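The structure appears right after this line, and notes come after that.
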Amino acid sequence: MLESIPGWIFIVGVVCLISTIAYTSQLFIILPALEWSYAESVKLLLPFNALVLMVYYNYYLACTTDPGKIPDGWEPPYSTFQNASDNEQDENDDDQDSAMLMQPRRYRQRFAAQTGMTGPRYCKSCKTYKPPRAHHCRYCRRCVLKMDHHCPWINNCVGHDNYGHFVRFVLFVDLATGYAMGLLIWRVRDIMDNIRHFRFRAEPSKTEVVFLVLNFVLAFIVLFCVGILSIYHLYCMSRNQSSIESYERSKVKSLIRRGKIFPVSYPYDIGFYKNLCSVLGNNPLFWLWPQKAPGDGLTYAMRSKTDRPSVTLLLAAA
Numbered sequence: 000m001l002e003s004i005p006g007w008i009f010i011v012g013v014v015c016l017i018s019t020i021a022y023t024s025q026l027f028i029i030l031p032a033l034e035w036s037y038a039e040s041v042k043l044l045l046p047f048n049a050l051v052l053m054v055y056y057n058y059y060l061a062c063t064t065d066p067g068k069i070p071d072g073w074e075p076p077y078s079t080f081q082n083a084s085d086n087e088q089d090e091n092d093d094d095q096d097s098a099m100l101m102q103p104r105r106y107r108q109r110f111a112a113q114t115g116m117t118g119p120r121y122c123k124s125c126k127t128y129k130p131p132r133a134h135h136c137r138y139c140r141r142c143v144l145k146m147d148h149h150c151p152w153i154n155n156c157v158g159h160d161n162y163g164h165f166v167r168f169v170l171f172v173d174l175a176t177g178y179a180m181g182l183l184i185w186r187v188r189d190i191m192d193n194i195r196h197f198r199f200r201a202e203p204s205k206t207e208v209v210f211l212v213l214n215f216v217l218a219f220i221v222l223f224c225v226g227i228l229s230i231y232h233l234y235c236m237s238r239n240q241s242s243i244e245s246y247e248r249s250k251v252k253s254l255i256r257r258g259k260i261f262p263v264s265y266p267y268d269i270g271f272y273k274n275l276c277s278v279l280g281n282n283p284l285f286w287l288w289p290q291k292a293p294g295d296g297l298t299y300a301m302r303s304k305t306d307r308p309s310v311t312l313l314l315a316a317a
């Protein structure tokens, strides 16, 4: 379905929606209500336009930044496989590649405990190995580092390199839309006060009333939908998991409850603060400022073994 719709249509739609809420509310509602007073306009609208500018800029970055590409010729770290299998030698000593691709179940469990992977992952479509957390996108027709999801609204995948831009975009949408709704509510209260006290200053025109209702409905829908999306991604960030990994973790928990697999901890949850730093940067003062994604998207910090008691149980049972 999405493949049949040109991506630029979604981008044009998003830009038009942002522009409609941002500028019609100022031109047809707020500025007339302030009687085009320069001082009052600057005080109320300068912060709002700064937020709108950040919405546009982060949206541009989310759309145009490559989500993360696997380097040509990249291969899994063979030493890691060797270290994982040091304590368990298989009777059949074939060549190294075959040994890695065809390991007994216990070896795969040991390797999963140490690396968060069940073995070397190979993409048949791209004909390349996939690093941890990378997935193939059928819309982009390529593998994406730490793929979160394919977003039609940015006509791009959300992955390691642009996830921070995407998160900042939705957060600034929340802030800007919330500010816009605050201005609209202020204007409605101003109109009601004028009616109550029989004042005739800055009376609303029919055009203003139409845009007041239209913008309030649009802003409410955007804030509700994007707000839910923001809460979900803040939750995922706090646990250092992508949308795909969140879904996979729910399946793993189900398998553990049914006794199909050994208990195993999620290896990438390194603590609330470090989880946020891994996406937004190391300095909290600049978390909302656009910046390059930390790391290379090929390797990730993981919890130490002492912090992963369920992994110890897995190894003991192996």
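Here the sequence shown is numbered in numbering that gives the first Met the number 0, starting from 0 and rising by one per residue.
Glycine included, each C-beta is placed from N, C-alpha and C at the ideal position.
Since the model is a prediction, treat every value here as computed from it, not as a measurement.
Could you say which of Asp173, Leu275, Gly158 and Asp192 lies nearest to Thr227 if we only look at CA atoms? The sequence given here places Ile at residue 227; Thr does not occur at that position. Measuring from the Cα of Ile227, the nearest candidate turns out to be Asp173.
Mark Cys156 as exposed unless 16 or more other C-beta atoms lie within 10 angstroms of its C-beta, in which case mark it buried. buried
Report the three-state DSSP secondary structure of Thr298 (helix, strand or coil). coil
Can you tell me where the beta strand (DSSP E) with Tyr138 in it begins and where it stops? From DSSP, Tyr138 is part of no beta strand (DSSP E); its letter is neither H nor E.
Could you check how far apart the C-beta atoms of Asp160 and Asp65 are, in whole angstroms? I think they sit under 8 Å. 6 Å
Helix, strand or coil for Thr63, going by three-state DSSP, please let me know. helix
Report all residues from its chain with a CB closer than 8 Å to the CB of Cys7; omit the five preceding and five following residues, and keep chain order. Note that residue 7 is Trp in the sequence shown, not Cys. Only Asn154 meet the Cβ criterion.
Which value, in whole angstroms, describes the spacing of the CA atoms of His134 and Glu244? 11 Å
Can you confirm whether the segment 128-143 touches the segment 17-25 when touching is taken to mean that 3 or more C-beta pairs between the two stretches lie within less than 8 Å? no
Of the listed residues Arg302, Asp147, His149 and Pro75, nearest to Cys122 (C-alpha basis): Pro75
Please name the residue in Leu52, Ser3, Gly294 and Leu26 whose C-alpha comes closest to that of Leu182. Leu26
Answer with buried or exposed for Leu233, where buried requires no fewer than 16 other C-beta atoms within 10 angstroms of its C-beta. exposed
If I measure Cβ to Cβ from Lys129 and keep anything under 6 Å in the same chain, skipping five residues before and after, which residues do I get? Arg120, Cys122 and Cys142
From Lys250 to Arg257, what does the alpha carbon distance come to, in whole angstroms? 11 Å
Leaving out five residues on either side along the sequence, give the residues of the same chain with a beta carbon under 6 Å from the beta carbon of Leu211. Ile28
Taking Phe215 as the reference, give the member of Met191, Gln240 and Val187 with the closest Cα. Val187
Given 7 Å as the limit, tell me if Leu275 has its C-beta closer than that to any heavy atom belonging to the ligand GTP. Ligands displayed in this structure: none; no statement on the ligand GTP is therefore possible.
Does the distance from the C-beta atom of Ile255 to that of Met301 stay below 8 Å? no
By DSSP, does His196 sit in helix, in strand, or in coil? coil
Given this structure, state the Cα-to-Cα distance separating Trp35 from Tyr178, to the nearest angstrom. 19 Å
In the DSSP assignment, find the unbroken alpha helix (DSSP H) run with Val208 in it and report its ends. Lys205 to Ser237
Using only the alpha-carbon positions, how far apart do Leu50 and Leu170 sit? 10 Å
3-residue-minimum beta strand (DSSP E) runs that sit fully inside the segment 118-189, ordered along the chain: 120-122, 127-129, 134-136, 141-143, 148-150 and 155-157
Would you mind working out which of Ser303, Ser18 and Met191 sits nearest Val221, comparing C-alpha positions? Ser18
Which stretch, first to last residue, makes up the alpha helix (DSSP H) that contains Phe285? Premise fails: Phe285 is in no alpha helix (DSSP H) and is neither H nor E.
Looking at the secondary structure, which residues open and close the alpha helix (DSSP H) in which Glu244 lies? Ser242 to Arg256
Assigned secondary structure, Tyr265 (DSSP; H/G/I helix, E/B strand, else coil): coil
Would you tell me roughly how many angstroms separate the C-alpha atoms of Trp288 and Lys273, rounded to the nearest one? 18 Å
Within a Cβ cutoff of 6 Å, which residues of the same chain sit near Gln290, ignoring the five residues on either side of it in sequence? Gly280
Just how far apart, CA to CA, sit Phe267 and Ser124? Position check: residue 267 holds Tyr in this sequence, whereas Phe was assumed. The straight-line gap from Cα to Cα measures roughly 27 Å.
With 16 as the cutoff for other CB atoms within 10 Å, does Phe165 come out buried or exposed? buried
What span of residues does the alpha helix (DSSP H) with Ile10 cover, start to end? Gly6 to Ser18
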